[in-house]
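Asks:
Protein chains in written order, with the UniProt record's numbering: chain A, 1 to 244; chain B, 1 to 244; chain C, 1 to 244; chain D, 1 to 244; chain E, 1 to 244; chain F, 1 to 244.
(1) Taking residue 103/D as the reference, give the member of 31/D, 208/D, 53/D with the closest Cα.
(2) What's the C-alpha gap between residue 206/A and residue 95/A?
(3) How would you label residue 189/F, buried or exposed, when you count the other beta carbons within 10 angstroms and need 16 or more for buried?
(4) Could you check how far apart the C-beta atoms of residue 107/C and residue 144/C are, in whole angstroms? I think they sit under 8 Å.
(5) Hey, does residue 139/F have any beta-carbon neighbour from chain D nearer than 8 Å?
(6) Which residues does DSSP list as the beta-bridge partners of residue 2/B?
(7) Quick check on residue 138/C: does DSSP put it in helix, strand or coil?
(8) Mapping DSSP to helix, strand and coil, what is residue 62/A?
(9) Against residue 83/D, what residues of chain C qualify as contacts under a CB-to-CB distance less than 7 Å, listed in chain order?
(10) If the cut is a Cβ gap below 7 Å, which residues of chain B does residue 197/C touch?
(11) Between residue 201/C and residue 62/C, what straight-line distance do the alpha-carbon atoms span, to the nearest angstrom?
(12) Taking 8 Å as the cut-off, decide whether the C-beta atoms of residue 110/A and residue 166/A are in contact.
(13) Assuming residue 112/D and residue 141/D are in contact, meaning their beta carbons sit under 8 Å apart, how far apart are those beta carbons, in whole angstroms?
(14) Comparing the C-beta of residue 94/B with each C-beta of chain C, is any distance below 8 Å?
(15) In chain order, what are the residue ranges of uninterrupted alpha helix (DSSP H) at least 4 long that sit wholly in the segment 94-150 of chain E?
(16) Does any heavy atom of the ligand MN sit closer than 7 Å to the C-beta of residue 199/C?
(17) Can you find the residues in the same chain that come closer than 8 Å, C-beta to C-beta, to residue 7/C, ignoring five residues on each side of it along the sequence?
(18) For residue 251/E, would you say it is in contact with chain D, using Cβ-to-Cβ distances shorter than 8 Å as the test?
(19) What residues from the segment 98-115 of chain B come within 8 Å of chain F, judged by C-beta to C-beta, listed N to C?
(20) Residue 52/B: buried (16+ other C-beta within 10 angstroms of its C-beta) or exposed?
(21) May I have the straight-line CA-CA distance separating residue 91/F from residue 82/E, to the nearest angstrom?
(22) Could you give the uninterrupted runs of the alpha helix (DSSP H) lying entirely in the segment 176-205 of chain E, keeping only those of 4 residues or more?
(23) Indicate whether at least one CB of chain D lies closer than 8 Å to the CB of residue 122/F.
(24) Determine the burial state of residue 242/B: buried for a count of at least 16 other Cβ atoms within 10 Å of its Cβ, exposed for fewer.
(25) Please identify the residue among 220/E, 39/E, 151/E whose C-alpha is closest to the C-alpha of residue 186/E.
(26) Report yes or no: is there a C-beta of chain F within less than 8 Å of the C-beta of residue 182/A?
(27) Taking C-alpha atoms, which residue in 196/B, 126/B, 233/B, 157/B lies nearest to residue 221/C?
(28) Looking only at its own chain, which residues have a Cβ that is under 6 Å from the Cβ of residue 135/A, when we skip the five neighbours before and after it?
(29) Would you verify that the beta carbon of residue 214/E is, or is not, closer than 8 Å to some beta carbon of chain D?
(30) Determine, using beta carbons only, whether residue 131/B comes closer than 8 Å to chain A.
(31) Going by the CB atoms, is the gap between residue 79/E and residue 1/E shorter than 8 Å?
(32) Can you tell which of 3/A, 11/A, 21/A, 5/A has its C-alpha closest to the C-alpha of residue 184/A?
(33) State yes or no: is the beta carbon of residue 136/E nearer than 8 Å to at least one beta carbon in chain D?
(34) Assuming residue 178/E contacts residue 147/E under a Cβ cut-off of 8 Å, what Cβ separation, rounded to an integer in Å, is found between them?
(35) Just list the residues that DSSP pairs residue 92/B with in beta bridges.
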């Protein structure tokens with residue numbers, strides 16, 4: 001089984017970490033490949049960044065379809081382009097915010113999200129509402145560390161750990177959801193520090209895609225998510241025009 | 001006052017109709033300019049089309065900011081890129097699905113949406129939920145006419161009119177919302193045929209943007225919708241990298 | 001186009017301010033007339049006040065119908081009698097709480113309401129729920145200044161400005177909604193002080209009614225909001241009995 | 001214990017039936033008095049009727065306070081003026097739609113409402129939403145018999161019985177709620193005909209008020225429902241001005 | 001009329017208090033009998049306790065059916081086994097959390113629950129959601145006194161009273177709901193101390209069952225709550241096997 | 001890794017089928033053991049059956065804790081005793097309705113449930129609401145085949161297949177959820193017949209538990225789901241009294 005993990009930003013050092021975290025949980029028969037698109041933002045911290053990451057994600061899905069990929073993970077906590085990716089792909093597609101929230105909802109009554117910048121908390125709430133977890137999601141908290149500084153800020157691990165501890169206390173939550181793919185490698189450390197389950201969406205999404213593929217389950221293609229209609233594209237996006 | 005209406009598809013004949021409908025309702029002091037982006041799909045009938053229309057929309061917002069535009073309309077019923085556009089623009093931005101649903105909610109207890117292809121009804125429901133109109137939106141109905149055939153199918157007007165009549169009856173609605181910018185010029189005809197208020201989102205969005213600008217109201221910029229962060233973009237999207 | 005703004009209380013000095021604020025935003029072709037009913041409470045600060053203001057509002061709608069009014073604004077933040085007014089009027093009717101909440105929802109993800117007395121916050125929440133803005137409305141805050149003291153209390157402007165600033169901070173809101181028609185003239189001042197969009201419902205409702213009339217949109221009359229049935233009225237209300 | 005049942009319309013023959021139904025269930029120590037206001041509509045079948053019934057209801061509450069009434073029932077299925085009545089009264093106040101929906105929710109998972117005219121179904125849905133029974137209320141069905149013809153139409157009983165049977169079948173409901181005080185005396189007959197629990201709000205509200213009074217429970221007066229503020233009233237309503 | 005109040009725990013001193021509180025409000029023609037099951041936990045303070053109390057509750061319903069019981073109260077604030085009891089019983093069944101929340105919702109806009117241990121607050125929120133009172137229930141507060149210490153801790157009354165006062169203030173509530181059958185006898189004291197309505201679910205449930213029986217209303221038996229199907233039971237539960 | 005699948009009914013032939021379906025999807029390092037409790041109903045088709053299955057489930061969890069089980073599946077579509085099981089177990093616990101609904105929500109916008117008897121559809125809706133999938137769950141349909149006849153009725157496969165096809169068409173769903181553990185072995189057949197994804201909760205729950213264990217995620221034990229308090233149990237249930 002081949003799972004393709006798309007990191008929608010173009011920072012390959014983060015892609016390498018994501019790949020490592022996904023591979024660490026994948027089953028013995030599962031091959032995991034993580035990629036960044038050839039176009040897109042260096043990090044995703046605004047609605048504009050998120051919107052502009054989607055063409056690159058779809059480019060990777062298109063490539064993946066040629067490579068015989070069995071399922072896809074979108075490894076950005078805003079789950080950008082998820083509906084479009086489900087339409088374009090044959091196999092299942094799961095976003096990491098979606099996967100983390102689903103996983104956390106199995107672990108108790110309520111979870112707290114700890115994310116990077118405060119300006120991204122609105123999207124996290126949007127997703128919680130959209131996926132049906134408005135009640136389970138008890139709080140979305142920002143630690144105000146920009147995405148790319150997760151790798152470089154020597155205090156990042158400590159700050160995020162404390163933000164997780166505070167969030168759980170304040171919200172009375174049973175579990176923590178890490179709100180950025182760039183936090184994937186901190187999951188185990190934080191969990192042992194704060195004594196609570198901490199969910200990394202990269203691992204969760206990889207395992208949920210693996211589970212769906214194992215069951216032979218794919219996105220339903222009889223309605224809204226049928227393959228996109230043949231369409232003429234103009235300009236920079238004309239590469240997508242030859243799709244069917 | 002200058003209002004820029006962005007038709008996110010690249011079919012300029014539709015853009016011309018949209019411009020006409022927007023100008024027909026704008027106040028004497030309001031200049032309306034409708035455009036299509038230089039890149040994007042010829043029509044928007046899937047999640048992929050919608051996703052790939054967003055870079056072109058943002059390109060037009062970027063241009064608009066240089067032109068001194070006071071407010072923007074996104075003239076596609078999926079309201080693609082609305083959050084990103086609000087972030088990128090100084091003045092207010094309103095989507096036509098959003099505007100039509102708001103307008104219809106002033107006209108009674110419930111409305112029905114009549115749109116093009118069945119595969120787009122999921123997005124309409126999404127938006128109704130997201131904007132808070134899950135209760136007011138009583139049904140989303142497809143007439144199964146593709147967007148570009150709205151202009152060419154000689155029976156389109158008749159089919160859509162009957163779909164509106166049926167939808168109102170079935171849902172017990174007080175008003176009809178037309179679910180595609182390409183139906184804007186049918187609004188008056190259908191309303192007089194079926195004896196009910198029929199809302200065209202192009203007109204509604206134009207007037208709501210005009211209203212917001214008149215009141216001096218713009219998107220709040222103190223939090224989530226602050227101007228996007230400076231960011232490095234790779235590949236085809238690097239044109240956006242010089243944004244700030 | 002003639003828009004009638006009904007201030008449901010009988011304090012004509014407030015009616016004059018309301019008229020001024022409505023006229024300040026109306027288009028060149030729009031005539032705005034503001035009135036108070038001949039019967040009703042001097043100010044509306046309780047459910048009883050609100051209930052007893054409705055006959056006077058309906059009296060003014062009845063008069064308006066004879067005057068050829070094109071649309072109506074109900075200028076009290078509890079939107080008293082809105083359903084009944086929609087039934088009685090031919091043209092569209094918009095309440096100021098309704099209009100302000102709709103306007104604010106175009107400006108970001110969440111708004112805060114700042115109103116007069118704490119005992120009125122329940123109604124504001126009711127309306128937010130009813131209109132579909134339970135998610136967007138992040139807080140309703142009272143400054144505990146009675147309605148009629150808005151005009152006379154020399155500290156009112158300062159107190160309300162600070163209440164708005166605090167509300168925005170506490171709720172993380174993108175915009176403020178002023179929760180009383182008597183605050184209409186403070187809107188611009190507060191906005192410039194706190195650096196955020198501040199919505200006055202009088203202006204918003206006037207412009208939304210103007211927009212609806214421009215589009216030829218009226219309350220749907222095929223169902224619940226059809227003209228009221230002929231009915232015999234007894235007692236003080238028998239004046240309404242001759243309605244049809 | 002003295003319970004006052006206010007029939008908000010001025011049709012005393014209906015008031016007599018209501019009184020009979022309320023007395024039939026009241027405990028041995030409970031005195032029930034049913035009244036119609038001196039002013040108001042002959043029947044309530046529109047939002048205008050409902051709005052114009054409220055001053056008369058409040059007049060009866062004011063009188064009741066002088067009479068030492070322990071609790072009140074508002075006997076119209078739109079529960080007109082309920083918030084205002086709770087503010088004005090010392091003892092508890094329950095509306096018949098409210099009571100019937102509460103009672104029905106004890107009898108299974110879902111109920112259906114069968115009411116008079118189709119134009120009143122919107123208000124029934126409003127109330128179901130507002131009281132929290134949006135999920136339990138599975139349908140609101142009109143039998144299209146005007147309120148005053150309930151007493152005169154020889155086929156009324158049969159038509160309503162069949163409407164109840166159809167509603168239960170269509171909605172898969174566990175119980176029926178009768179949507180008009182004028183149907184109170186049909187309750188037992190319909191229940192035995194269709195073999196399901198049928199709830200009359202007059203009986204339910206009388207018993208719930210009796211229960212609340214027995215427990216010493218009254219409307220909370222520390223916030224929103226504190227006694228209304230002293231207020232100057234103009235015109236026909238000035239009778240209310242001397243309230244405090 | 002015979003009402004059976006089932007205290008699902010096996011602490012008969014608490015059962016005696018519950019019986020006293022139920023009898024104190026029952027009408028002259030109503031006989032109230034309170035019992036504990038022969039099997040079950042000494043107190044209910046966890047999901048496991050709650051689950052293991054249900055067989056004993058159903059045993060008492062089975063006995064009650066033979067005794068000609070007219071209606072049942074389940075006197076534990078988690079309302080354990082309520083759906084099963086409704087299925088098994090001929091007459092109406094009401095839980096005390098359910099009854100208390102219904103009663104409190106008649107007394108204003110919002111109520112606060114004050115309960116025993118923090119670990120039980122999740123179930124209280126569950127029930128509020130399930131019954132439709134998510135909006136009315138403004139807070140669930142624990143005083144961290146274990147159930148059985150309610151009878152023995154000399155400070156219990158004081159601690160709970162202060163917890164009620166704090167809850168009302170913090171939540172801005174109109175009424176308090178006591179979150180444990182073991183608090184039933186504190187109701188009047190707390191109410192007089194804090195000057196607000198305080199609802200005891202034992203009294204409320206007893207009176208609501210009495211009201212339903214008076215109206216001849218029983219659980220609907222045409223669908224989900226029809227008598228349970230004949231079934232073979234193994235092991236310790238085989239006593240239930242002879243049910244039909 | 002050891003996963004224990006508890007079939008809450010005592011029909012071991014069904015337990016064998018369930019074990020086979022769970023093992024078919026488990027990873028190479030995962031050992032799956034399916035059991036029935038020693039006490040409980042032969043099948044679960046009512047609220048009473050469901051309630052009486054819980055002690056047996058908890059008995060199996062208690063045993064499992066001694067056996068070093070890593071995670072549990074509750075294999076009945078009502079997810080009986082799920083909260084109690086989470087409290088009692090060290091490792092994660094997932095119900096099959098929960099798992100199937102989560103899995104289906106990854107496959108499109110909406111799913112339909114096809115279950116056994118109509119009287120069980122209420123519980124399915126309850127669970128959909130409780131887990132957050134009220135919007136995604138578009139219909140719950142009964143094929144009116146009793147649970148134990150799934151194994152013996154020669155037409156069962158055909159009837160259920162047609163019920164799935166009809167449900168998908170009527171609801172416009174993207175996926176089908178099978179509403180009974182006894183249907184687990186029909187999943188692949190139905191999917192190939194109707195050309196849509198069909199989710200079996202037994203497989204889904206097994207894989208989700210395996211995923212959670214792989215990630216080191218367990219139920220949060222810092223609050224509501226902490227180990228149950230030591231407690232004295234009377235009667236038939238005293239076996240549970242020695243728990244800690």
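No residue lacks a Cβ here, since even glycine has one placed at the ideal position from N, Cα and C.
Small disclaimer: the values here were computed from a predicted structure and weren't measured.
Replies: According to the structure shown:
(1) Along the fourth chain, one-based indexing puts residue 103/D at 103. Comparing Cα positions, the closest option is 208/D.
(2) Within the first chain, numbered from 1, the residue matching residue 206/A stands at position 206. Within the first chain, numbered from 1, the residue matching residue 95/A stands at position 95. In a straight line, the C-alpha of residue 206/A is about 9 Å away from that of residue 95/A.
(3) Along the sixth chain, one-based indexing puts residue 189/F at 189. That one is exposed.
(4) In the third chain, residue 107/C corresponds to position 107, counting from 1. In the third chain, residue 144/C corresponds to position 144, counting from 1. Not a contact, Cβ separation roughly 26 Å.
(5) In the sixth chain, the residue the question calls residue 139/F occupies position 139. Closer than 8 Å: no.
(6) The residue given as residue 2/B occupies position 2 in the second chain. DSSP output for residue 2/B lists 31/B as bridge partner(s).
(7) Residue mapping note: residue 138/C aligns to position 138 of the third chain, counting from 1. Strand, per DSSP.
(8) As a first step, residue 62/A must be located in the first chain, where it is residue number 62. Helix.
(9) Translated into positions along the fourth chain, residue 83/D becomes position 83. Going along chain C in sequence order, the residues near residue 83/D (Cβ under 7 Å) are 47.
(10) In the third chain, the residue the question calls residue 197/C occupies position 197. 217, 218, 220, listed in chain order.
(11) Looking up residue 201/C in the third chain gives position 201. Looking up residue 62/C in the third chain gives position 62. Roughly 23 Å between the two C-alpha positions.
(12) Position 110 of the first chain, counted from the first residue, corresponds to residue 110/A. Position 166 of the first chain, counted from the first residue, corresponds to residue 166/A. Their beta carbons are not under 8 Å apart, which means residue 110/A does not touch residue 166/A by this criterion.
(13) Locating residue 112/D in the fourth chain gives position 112, counting from the first residue. Locating residue 141/D in the fourth chain gives position 141, counting from the first residue. Their Cβ separation, rounded to whole angstroms, is 6 Å, which keeps residue 112/D and residue 141/D in contact under 8 Å.
(14) For the purposes of this step, residue 94/B is identified with residue 94 of the second chain, where counting begins at 1. For residue 94/B, the answer is yes, since a Cβ of chain C falls inside 8 Å of its Cβ.
(15) 96-105, 121-131
(16) Absent from the structure shown: the ligand MN. Ligands present: none.
(17) The count along the third chain starts at 1 and reaches residue 7/C at position 7. The residues are 14, 15, 18, 34, 35, 36, 75, 76, 181.
(18) Outside the displayed span of chain E (1 to 244) sits residue 251/E, for which this structure offers no information.
(19) none
(20) Locating residue 52/B in the second chain gives position 52, where the first residue counts as 1. Under this definition residue 52/B is a buried residue.
(21) Locating residue 91/F in the sixth chain gives position 91, where the first residue counts as 1. Locating residue 82/E in the fifth chain gives position 82, where the first residue counts as 1. Taking the straight line joining both Cα atoms gives about 29 Å.
(22) 187-194
(23) Residue mapping note: residue 122/F aligns to position 122 of the sixth chain, counting from 1. It does: the Cβ of residue 122/F has a partner Cβ on chain D nearer than 8 Å.
(24) Counted from its first residue, the second chain places residue 242/B at position 242. Because residue 242/B sits at a pLDDT of 45, beneath the cut-off of 50, its placement in the model cannot be relied upon, and the following sentence gives the value as read from the coordinates. Exposed is the call here.
(25) For the purposes of this step, residue 186/E is taken as the residue at position 186 of the fifth chain. The candidate whose alpha carbon is nearest that of residue 186/E is 151/E.
(26) Counted from its first residue, the first chain places residue 182/A at position 182. No, no contact with chain F.
(27) Taking the third chain and counting its residues from 1, one reaches residue 221/C at position 221. Residue 196/B is the option with its Cα nearest to residue 221/C.
(28) By one-based count along the first chain, residue 135/A stands at place 135. Result list for residue 135/A: empty, nothing under 6 Å.
(29) Here the question's residue 214/E lines up with position 214 in the fifth chain. Closer than 8 Å to some Cβ of chain D, the Cβ of residue 214/E qualifies, so yes.
(30) Residue numbering aside, residue 131/B sits at position 131 when the second chain is read from its first letter. No, because no Cβ of chain A sits closer than 8 Å to the Cβ of residue 131/B.
(31) The residue labelled residue 1/E in the question sits at position 1 within the fifth chain. The residue labelled residue 79/E in the question sits at position 79 within the fifth chain. Not in contact: residue 1/E and residue 79/E (Cβ atoms no closer than 8 Å).
(32) Against the first chain, residue 184/A aligns to sequence position 184. Ranking the options by Cα distance to residue 184/A, first place goes to 21/A.
(33) In the fifth chain, the residue the question calls residue 136/E occupies position 136. Yes, residue 136/E lies at the interface with chain D (some Cβ there is under 8 Å from its Cβ).
(34) Taking the fifth chain and counting its residues from 1, the one referred to as residue 178/E is at position 178. Taking the fifth chain and counting its residues from 1, the one referred to as residue 147/E is at position 147. That pair is no contact at about 12 Å.
(35) The count along the second chain starts at 1 and reaches residue 92/B at position 92. Residue 92/B pairs with nothing; no bridge assigned.
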